[in-house]
Structure formats: C-alpha cells, structure tokens
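*Asks:* In the UniProt record's numbering, the protein residues as written are 1 to 266.
Here's a structure for you.
In structure tokens form, the structure reads like this:
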C-alpha cells in the first residue's frame with residue numbers, strides 16, 4: 001500500500017500490484033471460459049426446467065402414505081449403517097491421528113504413513129468406496145457400513161491430529177517422568193486432553209454419515225437408497241416423495257441430536 005504524497009491521489013495498491021490482480025482475474029476468467037467451452041454446456045433446457053419441475057411435482061402429489069410401512073426397516077438400517085460405520089471410523093482413526101500428528105508420531109516415516117492414510121481415505125468419495133466394497137463383500141448393509149467407516153477415517157483422523165498437535169505438552173512430560181510407557185503416555189495424558197474434541201468430531205461425522213448412508217443404495221450398499229432408486233426406476237413418483245419426506249425427517253432428527261450432543265460436549 002502506497003502512502004499519499006503532496007499533489008498525488010491516494011491509491012490502495014501500487015501499479016505493480018494492480019497489474020498482478022488484473023492478471024489473476026483475467027486468468028480466472030479465461031479458465032472459466034475454456035472449461036465452459038470444453039464441457040459444451042447447453043442452456044436450452046434451462047428455459048423448460050420450471051415447466052418440467054411443475055410436471056414432476058404434479059406427479060408426486062399426494063405422497064403415497066401407505067408406502068410408509070415399507071420404508072421403516074430400510075430407514076432403521078440406514079441409521080444403523082451410519083452409527084456402526086462412525087464408531088468403527090472413530091476407533092480406527094485414533095492410531096492414524098497419533099501417526100499424523102507431529103508431536104506424537106515416532107518418526108518421519110510413520111508421519112508420512114499417517115498422512116497417506118488420511119489423504120487416501122478422504123480423497124475417494126463414499127459412493128466409490130461403496131462400489132469397491134460391494135464388489136468385495138457383496139451387496140447389502142455390510143458393504144455400506146465399511147464404506148462409511150473407511151471414508152470417515154481420514155476426516156476424523158485429520159481433525160484429531162490437529163487437536164493432538166495443540167495439546168499441553170507439560171502434562172505429557174509429567175506422565176512420562178513417572179516412568180510410563182509410550183502407550184500409557186497416550187492413554188493418560190493425550191487422550192484426556194482430546195476427549196471433548198473426539199466426542200464432538202465423532203458426533204459431527206455421524207451427522208454427515210446419516211446423509212451419506214441415504215444414497216448408498218444407488219450402488220447396492222443397503223439403506224433407504226435402495227427403495228428410493230427402485231421407486232425412481234419404476235416411475236412411482238408418489239412413493240418417491242414419501243421416501244424423500246422420510247429421509248428429510250431422519251436427517252432433521254440427526255441434526256437435532258448432533259447439535260444437542262455437541263452442546264453437551266462444550
């Protein structure tokens with residue numbers, strides 16, 4: 001930022017800074033234009049979208065309330081997939097977080113391994129993991145549960161690793177001075193300090209996993225998604241609306257439980 005001089009107007013940026021900012025803007029604009037042309041986006045259907053949406057709404061209403069009895073068990077299965085998958089992920093993420101934290105990892109090799117696990121599990125979408133585990137384990141809720149767990153490990157371990165790096169190391173040194181082993185140091189000095197964050201992150205991830213579990217049925221990994229995509233394929237739009245209402249209800253319930261649980265942890 002340049003100061004104003006006698007006879008000159010004040011300007012926020014120097015000429016060189018303005019040129020750089022303009023260049024960055026032009027590069028970003030050019031990137032958008034090239035991407036648009038490369039994808040060959042066609043806007044002709046945008047103008048008919050409101051009419052198509054209205055037609056779909058007419059097909060959906062009224063919802064098929066009689067279909068409720070058929071989706072209760074799949075909804076329960078969806079919640080179970082999210083719950084068990086989250087518990088497995090939290091348990092598996094603890095050692096990964098210790099490896100991925102600079103102040104608790106034994107050496108640079110283990111640090112790299114921890115970061116690799118965090119990156120790999122987070123970079124692959126849950127649907128892709130579900131596809132892999134459906135092939136490996138067969139279709140059903142078990143494959144969905146494992147996919148949820150594996151996808152969540154990197155998320156939980158990354159946040160826990162950052163929490164571990166912020167702990168008070170005086171407590172660690174005090175426990176270590178008593179002659180405690182490395183495992184005892186982790187158990188009695190590190191874990192107590194990150195326990196509130198562990199609970200909060202676990203609850204938050206469960207809330208996310210409830211949403212994720214509702215779409216795993218698209219690849220045969222169990223849950224309410226199986227009924228949803230079957231109804232869509234059969235053009236049973238009133239049943240589709242009933243399933244969407246049920247999914248919305250379970251998501252709102254999980255949001256309420258998650259918010260209250262995080263409030264208690266704080």
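The C-beta atom is built at its ideal place from N, Cα and C for all residues, glycine as well.
Within 10 angstroms of its Cβ, does residue 54 collect 16 or more other Cβ (buried), or is it exposed?
*Replies:* The residue you call residue 54 lines up with position 54 of the chain shown. It is exposed - the Cβ of residue 54 has fewer than 16 other Cβ atoms within 10 Å.
*Asks:* Classify residue 98 as helix, strand or coil using the three-state DSSP reduction.
*Replies:* One-based indexing of the chain shown puts residue 98 at position 98. Helix, per DSSP.
*Asks:* Along the chain, where does the alpha helix (DSSP H) containing residue 31 start, and where does it finish?
*Replies:* Reading the chain shown from its first residue, position 31 is the one you call residue 31. Residue 31 -> alpha helix (DSSP H) spans 15 to 39.
*Asks:* Roughly how many angstroms separate the alpha carbons of residue 204 and residue 12, rounded to a whole number?
*Replies:* Within the chain shown, the letter at position 204 stands for residue 204. Within the chain shown, the letter at position 12 stands for residue 12. Taking the straight line joining both Cα atoms gives about 42 Å.
*Asks:* Count Cβ pairs between the segment 222 to 232 and the segment 185 to 204 that sit closer than 8 Å; are there 3 or more?
*Replies:* no
*Asks:* Is it buried or exposed for residue 158, if we count other Cβ within 10 angstroms and need 16 for buried?
*Replies:* Stepping through the chain shown from its first residue, residue 158 is reached at position 158. Looking at its Cβ environment, which holds 16 or more other Cβ atoms inside 10 Å, residue 158 is buried.
*Asks:* Could you please give the first and the last residue of the uninterrupted alpha helix (DSSP H) stretch that includes residue 55?
*Replies:* Taking the first residue of the chain shown as position 1, residue 55 is located at position 55. Residue 55 -> alpha helix (DSSP H) spans 49 to 60.
*Asks:* On the three-state DSSP scale, how would you describe residue 1?
*Replies:* On the chain shown, residue 1 is found 1 positions in, with the first residue counted as 1. Since pLDDT at residue 1 reaches only 47, below the 50 mark, its modelled position is unreliable, and the value read off the structure follows with that caveat. DSSP places residue 1 in the coil class of the three-state scheme, outside both helix and strand.
*Asks:* Would residue 210 and residue 97 qualify as a contact pair, given that the criterion is a beta-carbon distance under 8 Å?
*Replies:* Residue mapping note: residue 210 aligns to position 210 of the chain shown, counting from 1. Residue mapping note: residue 97 aligns to position 97 of the chain shown, counting from 1. No. Outside cutoff.
*Asks:* Quick one: residues in its chain with C-beta nearer than 6 Å to the C-beta of residue 92, no 5 flanking neighbours on either side, listed in chain order?
*Replies:* By one-based count along the chain shown, residue 92 stands at place 92. 153, listed in sequence order.
*Asks:* For chain D, find out if any of its Cβ atoms is closer than 8 Å to the Cβ of residue 181; answer yes or no.
*Replies:* The structure shown contains no chain D, having only a single protein chain.
*Asks:* Kindly indicate the opening and closing residues of the alpha helix (DSSP H) around residue 110.
*Replies:* As a first step, residue 110 must be located in the chain shown, where it is residue number 110. Its alpha helix (DSSP H) spans residues 108 to 123.
*Asks:* From the DSSP output, in three-state form, read off residue 235 for me.
*Replies:* Locating residue 235 in the chain shown gives position 235, where the first residue counts as 1. In the structure shown, residue 235 sits in coil (DSSP, three-state: anything other than H, G, I, E or B).
*Asks:* Classify residue 95 as buried or exposed, calling it buried when 16 or more other Cβ atoms lie within 10 Å of its own Cβ.
*Replies:* Against the chain shown, residue 95 aligns to sequence position 95. It counts as exposed.
*Asks:* If residue 226 and residue 74 are in contact, beta carbons under 8 Å, what's the gap, nearest whole angstrom?
*Replies:* Position 226 of the chain shown, counted from the first residue, corresponds to residue 226. Position 74 of the chain shown, counted from the first residue, corresponds to residue 74. Yes, residue 226 and residue 74 are in contact; Cβ-Cβ is about 7 Å, under 8 Å.
*Asks:* What residue does the alpha helix (DSSP H) around residue 148 start on, and which one ends it?
*Replies:* As a working mapping, residue 148 is identified with position 148 in the chain shown. Counted as a single uninterrupted DSSP element, the alpha helix (DSSP H) harbouring residue 148 occupies residues 141 to 164.
*Asks:* With burial defined as no fewer than 16 other Cβ atoms inside 10 Å of the residue's Cβ, what is the status of residue 99: buried or exposed?
*Replies:* Along the chain shown, one-based indexing puts residue 99 at 99. Residue 99 is buried by the Cβ-count criterion.
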